[in-house]
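Read the structure below first, then the notes.
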Amino acid sequence: MNQAKDYYRATAPSLGLPTLRGELATKVAVIGGGYAGLCTALGLMERGIAEVTVLEAKEIGFGASGRNGGFVFAGYSRPESRLLKELPREHARRLFRYTLDAVETVRQRIRRYRIACEAIEAGVLWADWFPGAPLARARQRLLAEGFGLDWPLISQEALAREHLRTPRYFGALLEPNGFHVHPLKLAQGYAQALRAGGVAIYERSPVLELSCRGREYLLTTPEGRVQAEHVVLALGGYSRPLLARAHRALLPIATYVMCTQPDPIIAQAIPTAAAVYDTRFAFDYYRRLPDGRLLWGGRISILDRSPETVAALLRRDLRRVFPELAELPIEYAWSGLMGYGRSQMPHIGAVAPRLWLNQGYGGHGVATTTVGGELIAAAIAEGDERWRDFEAYAPRPAYGVLGLIAAELRYLWLQFRDWLRERAMREPA
Ligand SMILES: Cc1cc2nc3c(=O)[nH]c(=O)nc-3n(C[C@H](O)[C@H](O)[C@H](O)COP(=O)(O)OP(=O)(O)OC[C@H]3O[C@@H](n4cnc5c(N)ncnc54)[C@H](O)[C@@H]3O)c2cc1C
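At position 132 of the sequence shown (counting the first as 1) the number is 133 in the working numbering, and the numbers step up by one without a gap.
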């Protein structure tokens with residue numbers, strides 16, 4: 002196995018952007034070079050504000066944005082059924098509509114900026130794992146009634162015949178507008194578009210300190226200082242404690258990915274070009290790559306594990322669904338950290354005058370980070386107040402190590418519940 006790099010880094014060389022040295026003044030300083038930071042900067046640039054500086058601790062896409070499954074799909078980590086229960090109907094609809102628009106914005110930006118990120122337009126399949134519990138059908142109905150969407154259902158027979166040659170699933174729901182990409186190439190493409198538009202981006206420039214002097218914010222990096230009118234914190238699961246309120250509200254949660262060698266038997270077992278995930282809490286997520294490999298991800302845990310352990314765990318998961326693929330050589334395996342708030346909803350909005358938060362996208366960030374980016378950019382550029390739609394899910398303390406232990410226990414319980422459910426449904430009546 003290739004220990005040195007994950008698949009994405011092995012196939013997308015670093016941009017090699019400069020490190021900040023010396024002092025500069027800017028209108029907006031964005032901290033974090035993942036999608037949340039880059040999309041905020043894009044939103045500003047597209048609204049005519051190019052006096053923006055992005056500061057990234059490592060390299061563009063170093064965090065979850067350069068390691069993820071590559072699914073560009075709608076929705077938040079918090080299920081839309083919960084939004085409909087908790088919020089007035091129109092409010093829930095607006096929040097979900099933002100994510101549908103975000104998928105389209107990602108697509109349009111890939112076209113507009115000619116980002117070569119291997120986008121595959123074949124939809125996203127949500128495959129029913131449990132027999133006798135048609136979750137896909139229930140969700141289809143909810144999306145139709147709650148949000149006016151018409152996502153097609155695929156029967157068990159059609160799924161096994163045309164899309165996924167495994168008896169494991171009991172049907173699926175297709176998100177027709179979803180697609181998938183090489184996520185690091187997408188992040189790098191955003192960065193290149195920003196630089197072409199006059200936005201300054203610095204890599205290897207971690208912000209170590211954030212302070213306020215009068216109407217200005219001051220940011221300190223190891224070799225530089227930035228004075229800014231507005232600051233946007235977009236640190237994701239790789240957050241360092243810059244602003245206690247923001248840092249305390251996020252838990253870093255890991256999920257794992259591996260990549261096989263290319264092999265023609267992959268397309269025989271998985272004829273669909275769609276990206277696929279399933280209806281369990283800790284679902285598998287996978288897709289065929291354009292170079293003939295299988296990218297397979299899954300699991301959720303507080304443990305950021307070694308490539309060998311990740312490969313062994315995921316091989317076991319792959320065997321349960323496609324036993325004929327389980328012996329394929331695994332060339333890359335890695336893990337990544339997602340930033341989760343207690344509500345599983347992103348934290349989008351102002352936390353102090355001209356100090357903005359754009360974080361907490363959990364496992365649904367490739368498209369959805371665009372929502373925060375657009376709302377914060379519109380707020381800074383136009384005084385738009387739509388970010389207040391997210392006040393219902395404002396940051397709350399996540400209690401550090403105790404929160405992590407509680408999260409792990411919850412994940413174990415939810416996985417155990419799925420196991421019980423599966424077992425009960427498979428037993429003859
Ligand atoms: C393995 C994996 C699979 C996933 N699969 C999917 C998927 O298929 N579809 C989907 O929608 N979502 C997926 N997600 C979630 C998605 O990747 C994230 O929600 C999204 O990338 C979050 O973006 P972000 O910008 O908030 O965080 P990140 O991408 O983590 O970026 C934060 C950046 O901030 C930088 N930073 C931190 N502190 C500082 C500092 N003090 N100074 C400067 N920079 C700093 C970090 O170095 C990092 O680059 C997955 C996540 C993982 C880990």
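For glycine and all other residues, C-beta sits at the position ideal for the given N, C-alpha and C. Only a predicted model underlies this, so the values are computations on that prediction, with no experimental measurement involved.
Worksheet item: Who are the Cβ neighbours of E204 in its own chain at under 6 Å, not counting the five residues just before and after it?
Response: Within the same chain, E204 has close Cβ partners L18, E57, E60.
Worksheet item: Around the C-beta of L209, are 16 or more other C-beta atoms found within 10 angstroms, so that it is buried, or is it exposed?
Response: Label assigned to L209: exposed.
Discussion item. Give me, in chain order, the residues of the same chain whose beta-carbon lies closer than 7 Å to that of A120; leave out the 5 immediate sequence neighbours on both sides.
Written reply: Within the same chain, and ignoring the five residues on either side of A120 in sequence, the residues whose Cβ sits closer than 7 Å to its Cβ are I111, F180, V182.
Fill in: C-alpha distance - L326 paired with R94, whole-angstrom precision
L326 and R94 have their C-alpha atoms spaced approximately 41 Å apart.
Discussion item. If distances are taken between C-alpha atoms only, which option among P272, E91, Y9, A173 comes closest to L136?
Written reply: Nearest C-alpha to L136: A173.
Worksheet entry | Minimum C-alpha distance to Y9 - residue among L45, D151, A30, Q189 | It is Q189.
Worksheet item: Is the stretch 352-371 in contact with the stretch 238-252, if contact means three or more CB pairs nearer than 8 Å?
Response: Enough Cβ pairs lie closer than 8 Å, so yes.
Worksheet item: Is the beta carbon of R79 sitting closer than 8 Å to the one on M346?
Response: Yes; because the gap between Cβ atoms is below 8 Å, this pair is in contact.
Worksheet item: Leaving out five residues before and five after E392 in sequence, what residues of the same chain have Cβ atoms less than 8 Å from its Cβ?
Response: Once the five neighbours on either side are set aside, the close Cβ partners of E392 are G350.
Worksheet entry | ligand 1 heavy atom lying under 7 Å from the CB of F63 | Yes, the beta carbon of F63 sits closer than 7 Å to at least one heavy atom of ligand 1.
Fill in: Closer than 7 Å: T370 CB and nearest ligand 1 heavy atom
Because some heavy atom of ligand 1 lies under 7 Å away, the Cβ of T370 counts as near it: yes.
Worksheet item: Excluding the five sequence neighbours on either side, which residues of its own chain have a C-beta within less than 6 Å of the C-beta of W388, listed in chain order?
Response: Within the same chain, W388 has close Cβ partners I349, G350, L376, A380.
Worksheet item: Just reading off the alpha helix (DSSP H) that I111 is part of, what are its end residues?
Response: Looking at the DSSP string, the run of the alpha helix (DSSP H) that includes I111 is 90-113.
Fill in: Coil, strand or helix - H365 by DSSP
Annotated three-state conformation of H365 is coil, per DSSP.
Fill in: Selection from E230, D419, A42, K28 that minimises the alpha carbon distance to A378
When the alpha-carbon of A378 is set against those of E230, D419, A42, K28, the nearest one is in A42.
Worksheet item: Would T222 be called buried (16 or more neighbouring beta carbons within 10 Å of its own) or exposed?
Response: Taking a 10 Å sphere around the C-beta of T222, we find 16 or more other C-beta atoms and assign the residue as buried.
Discussion item. If distances are taken between C-alpha atoms only, which option among S66, A30, A353 comes closest to G366?
Written reply: When only C-alpha atoms are compared, the closest one is S66.
Worksheet item: Starting from A139 and walking both ways along the alpha helix (DSSP H), at which residues does that stretch end?
Response: Its alpha helix (DSSP H) spans residues 136-148.
Worksheet item: Which ranges does the beta strand (DSSP E) cover as unbroken runs of at least 3 residues, wholly within the stretch 229-262, from first to last along the chain?
Response: The qualifying runs are 252-261.
Practice prompt. Taking only the alpha-carbon atoms, compute the straight-line gap between P265 and R294 and give it to the nearest angstrom.
Written response: So the alpha carbons of these two residues sit roughly 9 Å apart.
Worksheet item: For the beta strand (DSSP E) that M339 lies in, which residues bound it at each end?
Response: It spans 331-341 - the beta strand (DSSP E) in which M339 sits, taken as one unbroken run.
Worksheet item: Candidates E24, L101, R216: which alpha carbon is nearest A353's?
Response: The option with the nearest alpha carbon to A353 is R216.
Worksheet item: Any heavy atom of ligand 1 closer than 7 Å to the CB of N178?
Response: Because no heavy atom of ligand 1 lies under 7 Å away, the Cβ of N178 does not count as near it: no.
Discussion item. Please report the distance separating the alpha-carbon of R241 from that of H164.
Written reply: Distance between the alpha carbons of R241 and H164 is about 42 Å.
Fill in: Three-way DSSP call (helix, strand, coil) for G17 in this model
Reduced to three states, the DSSP call for G17 is coil.
Worksheet entry | Residue from T54, W414, M259 whose Cα sits closest to the Cα of H231 | From the listed residues T54, W414, M259, the smallest Cα separation to H231 is found for T54.
Worksheet entry | Check whether F72 and R422 have beta carbons under 8 Å apart | The answer is no: Cβ separation not under 8 Å.
Item to complete: Return the CA-CA distance between D279 and G298, expressed in angstroms with no decimal places.
Response: Cα to Cα, the separation comes out at about 11 Å.
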